[in-house]
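Here's the structure, in C-alpha cells; my notes come after.
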Amino acid sequence: MNGEQMEFGFMKEEHQAQVAAKQKLIEANTPRVELIHFTGKDTPDETWAAANLLIFTKSTRLNLSPGLFDEIRNWPEEKKLEELEYMANTLPSSWEFIDYVFLVTGVSRAYTHQQVRTRTGSYAQQAMRIVDASDFKYVYTKRDLEHDDRRAIIDKCVGKIREIYTELLSMGHLAEDARGILPTNVATNIVCKFNMRAFVDLAKKRLGGRSQNEYREVMTQMVSAVLAVHPWMEKFIYGDAGRDYFTDIETFAEEQFGDDLATKAKLLKIVHKMRKEGK
Ligand SMILES: Cc1cc2nc3c(=O)[nH]c(=O)nc-3n(C[C@H](O)[C@H](O)[C@H](O)COP(=O)(O)OP(=O)(O)OC[C@H]3O[C@@H](n4cnc5c(N)ncnc54)[C@H](O)[C@@H]3O)c2cc1C
479 MNGEQMEFGF MKEEHQAQVA AKQKLIEANT PRVELIHFTG KDTPDETWAA
529 ANLLIFTKST RLNLSPGLFD EIRNWPEEKK LEELEYMANT LPSSWEFIDY
579 VFLVTGVSRA YTHQQVRTRT GSYAQQAMRI VDASDFKYVY TKRDLEHDDR
629 RAIIDKCVGK IREIYTELLS MGHLAEDARG ILPTNVATNI VCKFNMRAFV
679 DLAKKRLGGR SQNEYREVMT QMVSAVLAVH PWMEKFIYGD AGRDYFTDIE
729 TFAEEQFGDD LATKAKLLKI VHKMRKEGK
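Residues 479 to 757 in this note's numbering are what the sequence shown lists, from first letter to last.
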C-alpha cells in the first residue's frame, strides 16, 4: 500500500467513525415509547378483548346483559370490524372504556410540559425536587443534531449550567431550588395514561407537522405501539384516509418551509383540519 492509499484508508476510517458517532448521538436523542399496559393485556385474546368491550358498551340499543358480552365475543371478526367501522364515525363516549398506558423515556421537559396540557390524561413524572440532578442529560433536538457548530455552543452553555448547579448543591442549596437553572431540554421520563377517546383526539392533534418534532416522534411511536396490539384502531385514528395519506404534503411543507415555522403552520393548519375530520 502506497502513502496515498494509506491516507485514503485513514480518511475513510475517520469518516466511518464520524458517521457511527453521529448515528449514536441521534439514537441517544430519540425518545423511547413503550406501551406498558392496555385494556385486554395478558388476556387470552389481547387483539380483540378491548374491541369486545367497546362494542358491548356501545350496544345500548340492545339488552346490556352479561349474555350479550359473551355473544359479541363469539362474533366473527368481519362482523366486529363492521361494527367498529361504524363506531369510528359515531358518538365517542363508549371509547372511554378502553385505556392505554405508556412509559416514555429520554424526552425533554419541553415535551412533557406540552404533554401534560392534555388534562384528560393521567401522568407520573420523574421528580427533580429531591434528587441531585448534577449528572443530568440534555436532549438535543433534531435541528441541534444537524449543526455541529450550534451544538458546540449548546454544550458550552450546558456545561456552565452543570457547574453552577453542582456548586449550588455543594453550598447546601436544596435540589428543589437549584433545579430552577436547569435547561428546558433536561431529560426526563414520564408515564402517561389515556382512555381511547382522549388518545384518538391527541393523535389527531399531534401526529401532524404542526407539532414540535419531539412530540410528533413520541406520538408516532405511541400510535405504532397501539396499532401493533389493536390493528382495528387504525380506522379510529386515521379514518378512511389511512396512515400515509398526508405524508407527501407534510414532507413538502417541511422541505419548503422547515425553518419558517409561521408559513409552515399556515399550510399545515389545513392538513390538521382534514386529519381531524378523517378526510
Ligand atoms: C399545534 C399546537 C400548538 C399549540 N400552541 C400553544 C401555544 O402557543 N400556547 C399554549 O398555551 N398552548 C398551545 N397549545 C396547547 C393547546 O392550547 C392545548 O392546551 C392542548 O392542545 C391541550 O388541549 P386539549 O383541548 O387537547 O386538551 P384539554 O384541554 O385537556 O381538553 C380535553 C377535552 O376536555 C375538555 N376539558 C378539559 N378540561 C376542561 C375544563 N376545565 N373545562 C371545560 N372543558 C374541559 C375540553 O373541552 C376538551 O374537549 C398548542 C397545541 C397544539 C396542538
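In this text, a Cβ means the ideal position worked out from N, Cα and C, and glycines have one as well.
These numbers were taken from a predicted model, which means no experiment stands behind them.
Beta carbon of V664 nearer than 8 angstroms to that of L581: Against a cut-off of 8 angstroms, the Cβ pair of L581 and V664 comes out as no contact.
L660 and A611 closer than 8 angstroms at C-beta: Yes, the Cβ-Cβ distance between L660 and A611 is below 8 angstroms.
Separation of E563 from R763, as counted between CA atoms: Summary: the structure shown does not reach residue 763, with the chain confined to residues 479 through 757, and so no result is reported for it.
Any non-hydrogen atom of ligand 1 within 7 angstroms of D679 CB: yes
DSSP three-state assignment for I632, whether helix, strand or coil: Correct three-state label for I632: helix.
Minimum C-alpha distance to K742 - residue among R753, W710, G687, M700: When each option's Cα is compared against that of K742, the closest is G687.
V609 in three-state terms, based on DSSP: coil
Proximity winner among R607, I631, R675, relative to E654 (alpha-carbon distances): Ranking R607, I631, R675 by Cα distance to E654 puts R607 first.
As assigned by DSSP and simplified to three states, the class of E763: Residue 763 lies beyond the residue range present for the chain, which begins at 479 and ends at 757; the question has no answer from this structure.
Check your reading: residues with Cβ closer than 5 angstroms to ligand 1 heavy atoms: For ligand 1, the residues with a Cβ under 5 angstroms from any of its heavy atoms are, in chain order, R595, T596, R597, T598, K683, R688.
Pair within 8 angstroms by beta-carbon distance, R510 and T590: no
Helix, strand or coil at K434 [DSSP, three-state]: This structure cannot speak to residue 434, because the chain is shown only from 479 to 757.
Touching by the beta-carbon criterion (3+ pairs, under 8 angstroms), the stretch 707-727 and the stretch 634-653: no
Straight-line Cα distance separating F614 from F677: 30 angstroms
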